[in-house]
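Visitor:
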Amino acid sequence: MNEPPALQLEAVERRYIQGESTLEILAGASLSVWPGESVALIAPSGAGKSTLLHIAGLLEHPDKGEVSICERATTTLPDSERTAIRRADIGFIYQFHHLLPEFTALENVMLPQMIQGTSRGEARARATDLLAFLGLAQRLEHRPAELSGGEQQRVAIARAVANAPRVLLADEPTGNLDPQTADLVFETLTKLVQATELAAVIATHNLALAGRMTRRVTLQEGKVVELA
Ligand code: ADP
18 MNEPPALQLE AVERRYIQGE STLEILAGAS LSVWPGESVA LIAPSGAGKS
68 TLLHIAGLLE HPDKGEVSIC ERATTTLPDS ERTAIRRADI GFIYQFHHLL
118 PEFTALENVM LPQMIQGTSR GEARARATDL LAFLGLAQRL EHRPAELSGG
168 EQQRVAIARA VANAPRVLLA DEPTGNLDPQ TADLVFETLT KLVQATELAA
218 VIATHNLALA GRMTRRVTLQ EGKVVELA
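Position one of the sequence shown corresponds to residue 18 (my numbering), numbered consecutively onward.
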């Protein structure tokens with residue numbers, strides 16, 4: 018591939034000290050993800066998936082190694098710049114949607130844009146387009162409690178990409194949904210990744226869904242290993 022990766026982890030190390038013992042969670046983990054790629058991260062509970070996603074998303078510092086977003090090395094940047102990169106270039110989706118209950122679907126997708134300085138009109142137009150792309154054109158004025166689990170999660174996806182990030186990180190995004198709904202949400206997510214040339218890393222236990230992604234990786238002894 019000629020273009021550079023949107024996300025690059027190089028020899029990342031992360032350990033937690035617990036009393037007398039040290040837990041080596043990441044021990045030279047490297048991963049590059051290019052625009053338009055969706056990478057499934059499949060590993061048992063406790064293997065370090067969330068740690069890897071937090072480090073990739075600049076929420077946590079690695080003990081050693083480098084994390085680059087769109088070719089910009091981040092580990093030595095001040096926190097204010099890391100936060101700016103995170104807000105502009107990185108979107109997060111969690112297992113639970115964490116939508117704001119008192120706001121409509123449309124407002125939940127408008128808010129992060131307005132926080133970034135987008136005008137109300139522009140934010141509304143983009144939120145409307147995104148929600149329509151995700152099949153929610155008829156749900157714009159619904160509050161989270163008035164939406165199904167799958168619809169809530171699709172609003173959370175729209176919110177995650179509201180500011181047009183380059184990197185999308187998802188931690189078990191369909192873990193809380195029934196298989197059929199998980200399938201639909203996943204379908205919309207991968208469609209969005211391709212259409213918007215996102216570089217996505219999606220932690221999942223669902224092997225069927227992982228099989229439909231561009232690549233699959235796991236964590237072994239703190240390193241990222243490619244799967245078939
Ligand atoms: P996964 O997402 O694959 O389930 P995590 O990245 O959440 O794994 O955690 C990996 C390991 O690191 C676990 O054994 C967990 O207990 C440990 N861990 C995670 N965060 C901390 C922390 N802040 N302090 C100590 N240990 C932690």
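Backbone N, C-alpha and C define an ideal beta-carbon position, used for all residues, glycine too.
Return the CA-CA distance between glutamate 54 and arginine 229, expressed in angstroms with no decimal places.
Guide: Each residue's Cα considered, the two are about 11 Å apart.
Visitor: Please determine, among Thr68, Ala175 and Arg137, the residue with the shortest C-alpha to C-alpha distance to glycine 152.
Guide: The shortest C-alpha separation from glycine 152 is found at Ala175.
Visitor: How big is the Cα-Cα spacing for proline 22 and glutamine 130?
Guide: Using only the alpha carbons, I get a separation of about 25 Å.
Visitor: Where does threonine 100 sit, in a helix, a strand or coil, going by DSSP?
Guide: Reduced to three states, the DSSP call for threonine 100 is helix.
Visitor: Could you give the residue range of the beta strand (DSSP E) that holds serine 67?
Guide: Taken as a continuous stretch (DSSP letters only), serine 67 belongs to no beta strand (DSSP E), being part of the alpha helix (DSSP H) at 66 to 73.
Visitor: So what's phenylalanine 25 in DSSP terms, helix, strand or just coil?
Guide: Contrary to the premise, residue 25 reads as glutamine rather than phenylalanine in this sequence. Three-state result, glutamine 25: strand.
Visitor: When the Cα atoms are used, what is the spatial distance from alanine 73 to leucine 186?
Guide: Looking at the two C-alpha atoms, the distance is approximately 8 Å.
Visitor: Quick one: residues in its chain with C-beta nearer than 7 Å to the C-beta of alanine 140, no 5 flanking neighbours on either side, listed in chain order?
Guide: Taken in chain order, the residues that qualify are Met127, Gln130 and Met131.
Visitor: Have a look at the DSSP bridge pairing and note the partners of valine 184.
Guide: DSSP, once it has assigned bridges, lists Ile107 and Ala216 as partnering valine 184.
Visitor: Can you tell which of Phe150, Ala144 and Gly166 has its C-alpha closest to the C-alpha of glutamate 158?
Guide: The shortest Cα separation from glutamate 158 among Phe150, Ala144 and Gly166 belongs to Ala144.
Visitor: So if DSSP puts valine 56 in a beta bridge, which residue, or which two residues, is it bridged to?
Guide: DSSP output for valine 56 lists Val218 and Arg232 as bridge partner(s).
Visitor: So for glycine 166, helix, strand or coil by DSSP?
Guide: Here glycine 166 sits in helix by DSSP.
Visitor: Tell me whether alanine 90 sits in a helix, a strand or coil according to DSSP, three-state version.
Guide: Here alanine 90 sits in strand by DSSP.
Visitor: Report whether the distance from the Cβ of lysine 66 to the nearest heavy atom of the ligand ADP is below 7 Å.
Guide: Because some heavy atom of the ligand ADP lies under 7 Å away, the Cβ of lysine 66 counts as near it: yes.
Visitor: With a threshold of 16 other CB atoms inside 10 Å of the CB of methionine 242, please say whether the residue is buried or exposed.
Guide: In the sequence under discussion, the amino acid at residue 242 is valine, which differs from the methionine named in the question. It counts as exposed.
Visitor: I want to check one thing, is the minimum distance from the CB of glycine 134 to the heavy atoms of the ligand ADP below 7 Å?
Guide: Glycine 134: no, Cβ never under 7 Å from the ligand ADP.
Visitor: Under 8 Å between the Cβ atoms of phenylalanine 113 and asparagine 193?
Guide: Result yes, Cβ atoms of phenylalanine 113 and asparagine 193 sit closer than 8 Å.
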